[in-house]
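**Q** Take this structure, written in structure tokens, and hold onto it; I'll ask about it next.
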Amino acid sequence: MKTQDLDSTEKKHGVSRLIVVVLIAAAVLYGGSYYCLSRHGYREADRMGFKGFYFVAPTTRINQSLNRMLLGFYAPAIMLDLIIGTGRYPASEPLLGLSP
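In my numbering, the protein residues as written are 317 to 416.
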């Protein structure tokens with residue numbers, strides 16, 4: 317009976333460790349991808365003279381949709397970046413298709 321209890325406890329610890337490893341990997345991937353995409357957006361914004369940044373240049377409606385999805389996905393990271401003072405606000409979308 318004690319051997320079964322040990323096996324059960326070891327399995328629980330193994331599953332717990334796996335969950336922790338997966339969560340840490342997900343957090344590292346989330347933070348790393350945010351950092352790379354946002355800093356690329358900052359460089360592009362600086363090059364164009366914009367105050368805000370885009371994750372994806374909103375030159376088409378599809379890119380605008382992708383940029384909106386990324387803004388939603390990375391909203392917690394954007395807020396944290398702004399709170400600690402190293403981030404920028406996202407830029408507003410341009411109005412495509414309007415004649416001058």
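Glycine included, every Cβ here is placed at the ideal spot set by N, Cα and C. Please read these numbers as outputs of a predicted model, since none were measured by experiment.
Here's the rule I'm using: 16 or more other beta-carbon atoms within 10 Å means buried, otherwise exposed. How should residue 335 be labelled?
**A** By the 16-neighbour rule on beta-carbons within 10 angstroms, residue 335 is exposed.
**Q** If we call anything under 9 Å between Cβ atoms a contact, is residue 390 one with residue 350?
**A** Yes, the Cβ-Cβ distance between residue 390 and residue 350 is below 9 Å.
**Q** State buried or exposed for residue 324, treating a residue as buried only when at least 16 other CB atoms are found within 10 Å of its CB.
**A** exposed
**Q** On the DSSP bridge list, what partners appear for residue 369?
**A** 406
**Q** Going along the chain, which residues of its own chain have a beta-carbon closer than 6 Å to the beta-carbon of residue 368, five neighbours each way excluded?
**A** 405, 406 and 407
**Q** Leaving out five residues on either side along the sequence, give the residues of the same chain with a beta carbon under 8 Å from the beta carbon of residue 347.
**A** 393
**Q** Please say whether residue 360 and residue 380 have beta carbons closer to each other than 9 Å?
**A** no
**Q** Could you give the first and the last residue of the continuous alpha helix (DSSP H) run that contains residue 394?
**A** 391-399
**Q** Around the C-beta of residue 331, are 16 or more other C-beta atoms found within 10 angstroms, so that it is buried, or is it exposed?
**A** exposed
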